[in-house]
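> Before we start, here is the structure in question, set down as structure tokens.
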Amino acid sequence: MKAVARLMKMTEVVKIDILNPDMGEISRAAKLIRAGEVIAFPTETVYGLGADAFNAAAVDKIFLAKGRPAHDPLIVHIASVDQLASVTVKIPDFVQRLGNHFWPGPLTLVVQRNPALPGNVTAELDTVAVRVPQHAVALALIKASQTAIAAPSANLFSGVSPTSAEHVFQDLNGRIPLILDGGSTTIGVESTVLDCTIWPPKVLRPGGISVEALRTFLGDVDVFQKNKDVVTFVKSPGMLDKHYSPSAHLYFCLSTLPEHYQPYFEQLIENKLRAGKKVGAIIVNEDEAWFASHFSSIEIISLGSILHLEQVASHLYAALREMDARGVDYILAHDFGGEGVGLAIRDRLMRAAFEVGCCEGG
Ligand code: TXA
Ligand code: MG
Numbered sequence: 000m001k002a003v004a005r006l007m008k009m010t011e012v013v014k015i016d017i018l019n020p021d022m023g024e025i026s027r028a029a030k031l032i033r034a035g036e037v038i039a040f041p042t043e044t045v046y047g048l049g050a051d052a053f054n055a056a057a058v059d060k061i062f063l064a065k066g067r068p069a070h071d072p073l074i075v076h077i078a079s080v081d082q083l084a085s086v087t088v089k090i091p092d093f094v095q096r097l098g099n100h101f102w103p104g105p106l107t108l109v110v111q112r113n114p115a116l117p118g119n120v121t122a123e124l125d126t127v128a129v130r131v132p133q134h135a136v137a138l139a140l141i142k143a144s145q146t147a148i149a150a151p152s153a154n155l156f157s158g159v160s161p162t163s164a165e166h167v168f169q170d171l172n173g174r175i176p177l178i179l180d181g182g183s184t185t186i187g188v189e190s191t192v193l194d195c196t197i198w199p200p201k202v203l204r205p206g207g208i209s210v211e212a213l214r215t216f217l218g219d220v221d222v223f224q225k226n227k228d229v230v231t232f233v234k235s236p237g238m239l240d241k242h243y244s245p246s247a248h249l250y251f252c253l254s255t256l257p258e259h260y261q262p263y264f265e266q267l268i269e270n271k272l273r274a275g276k277k278v279g280a281i282i283v284n285e286d287e288a289w290f291a292s293h294f295s296s297i298e299i300i301s302l303g304s305i306l307h308l309e310q311v312a313s314h315l316y317a318a319l320r321e322m323d324a325r326g327v328d329y330i331l332a333h334d335f336g337g338e339g340v341g342l343a344i345r346d347r348l349m350r351a352a353f354e355v356g357c358c359e360g361g
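Everything in the sequence shown is counted per numbering that gives the first Met the number 0, starting at 0 for the first residue and increasing by one.
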């Protein structure tokens, strides 16, 4: 009965000024973390669903709130490079250098796990994923909690990650006591996950720090690829292929070239509209005129200019959620190339896709 009563209680949403966080609210949130509760907080990438990483029962509540299977390991968030020693046993020189250079920031390093961390944080792996987020609220919360905070993205399992407090509320209202609302996140896709237990280190999930930036810094970096012909990334341990998915079926054209994706879209749109379905297209500003001149009855969301991939990435998840809110049956999207944050966008769209087309590349 108690669990039912808890589920029914509405989640409190507290607005926090990210330039000048109210320390009273931060300290209240930190008390909840200390007491073994799970709360949502903003990071620069997406919102996290956090609990005390050293409290196994609290970590269990994360999996419960998200509906996440226990075999999917969590990222542990710390406040500074100095705190790394509390979650790992061995800090290789290049890991220390990566931390000094890229933290705080959207880079997650997989290192040897400190046995002091409960096994459920890392799905019983002997490694742990760790990062220092570049967000005033996240950092203040970790410091005030005086622990490390285990946190996956604060969405329901396999759904689209949340880039605003409203997104978190839509998914988790009634499942957690508190959401710290720091407005929209800036990067909009998750951190890059880099396996540092091997040399050269290997990108397991592309994200907010580009492969190019890592190569420039380290010289040698591998990228995990499932199949070199069709560019697609294998999950980190425990990750399912189907992920980051809206309810509508996403058709993803794996090409950056209008001469590939426009005819693909055109045919799909005609077929779906003829079948009485509702269609949405996620596009860039440069394509607005083409879409407007060809179709009058589809939902269009522009992510920004093709010339600013950071902008495209930061609007992607909100656009996928908005398409669901508009009730479309099908969403169309195309590739943005494999460079910079384009690789992370491609990875997420591939995983969200119901069908991948236009595999000519480009
Ligand atoms: O930007 C982010 O990374 C956000 C914010 C909240 O920090 N977090 C996030 O967490 O995206 P989540 O749980 O949605 O994704 C964690 C990723 C998964 O791909 C998981 O498989 C991988 O990190 N991971 C966690 N621990 C790992 C480990 N020990 N070895 C390999 N991969 C690991
Ligand atoms: Mg996630």
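Note that the Cβ used here is the ideal one computed from N, Cα and C, for glycine as well.
In this text, all values refer to a predicted model and were calculated from it rather than measured experimentally.
(1) Given Arg214, which residues of its chain have a CB within under 8 Å of its CB, disregarding the five upstream and five downstream residues?
(2) Once the 5 residues before and after Ile17 are set aside, which same chain residues still bring their CB inside 8 Å of it?
(3) How long is the line joining the alpha carbons of Lys65 and Pro72, rounded to whole angstroms?
(4) Please tell me whether, using a cut-off of 7 Å, the distance from the CB of Ile344 to the nearest non-hydrogen atom of the ligand TXA is below it.
(5) Measure the C-alpha to C-alpha separation of Val12 and Glu24 and round it to an integer number of angstroms.
(6) Candidates Val94, Leu63, Leu267: which alpha carbon is nearest Cys357's?
(7) Quick one: what does DSSP say Leu306 is sitting in, helix, strand or coil?
(8) Classify Leu319 as helix, strand or coil using the three-state DSSP reduction.
(9) Between the region 101 to 120 and the region 20 to 40, are three or more C-beta pairs nearer than 8 Å?
(10) In three-state terms, what does DSSP make of His100?
(11) For Phe62, which three-state DSSP category applies?
(12) Can at least three beta-carbon pairs, one atom from the region 303 to 312 and one from the region 166 to 180, be found at a separation below 8 Å?
(13) Please list, in chain order, all residues of the same chain as Ala69 whose beta carbon is under 8 Å from its beta carbon, the five residues on each side excluded.
(14) Less than 7 Å separating the Cβ of Ser160 from some heavy atom of the ligand MG?
(15) Got a sec? Which residues, its chain only, sit under 7 Å from His314 by beta carbon, not counting five neighbours each side?
(16) Buried or exposed for Lys30, please, with buried defined as at least 16 other CB atoms from any protein chain shown within 10 angstroms of its CB.
(17) For Lys271, count the other beta carbons within 10 Å of its own beta carbon; 16 or more makes it buried, fewer makes it exposed. Which is it?
(18) The ligand MG and Pro151: does the residue's C-beta get closer than 7 Å to at least one heavy atom of that ligand?
(19) In this structure, how does DSSP classify Ala149 when only helix, strand and coil are distinguished?
(20) For Val192, verify whether its CB is less than 7 Å away from any heavy atom of the ligand TXA.
(21) From this set, Ala84, Asp81, Phe168, which residue's C-alpha is nearest Met9's C-alpha?
(22) Rounded to whole angstroms, what is the Cα-Cα separation between Ala343 and Ser254?
(23) Between Val127 and Val210, is the Cβ-Cβ spacing less than 8 Å?
Checking against the coordinates, here is how it stands:
(1) Here the set comprises Val220.
(2) Pro41, His134, Ala135, Val136, Gly181, Gly182
(3) Cα to Cα, Lys65 sits roughly 13 Å from Pro72.
(4) no
(5) Going from the Cα of Val12 to the Cα of Glu24 covers about 11 Å.
(6) Leu267
(7) coil
(8) helix
(9) The region 101 to 120 and the region 20 to 40 do not touch, with fewer than 3 CB-CB distances between them shorter than 8 Å.
(10) DSSP places His100 in helix when its eight states are reduced to three.
(11) Helix at Phe62.
(12) no
(13) Closer than 8 Å at the Cβ level, and outside the excluded window around Ala69, lie Phe62, Asn119, Ala122.
(14) yes
(15) Gly187, Leu302, Gly303, listed in sequence order.
(16) exposed
(17) buried
(18) yes
(19) strand
(20) yes
(21) Phe168
(22) Taking the straight line joining both Cα atoms gives about 15 Å.
(23) no
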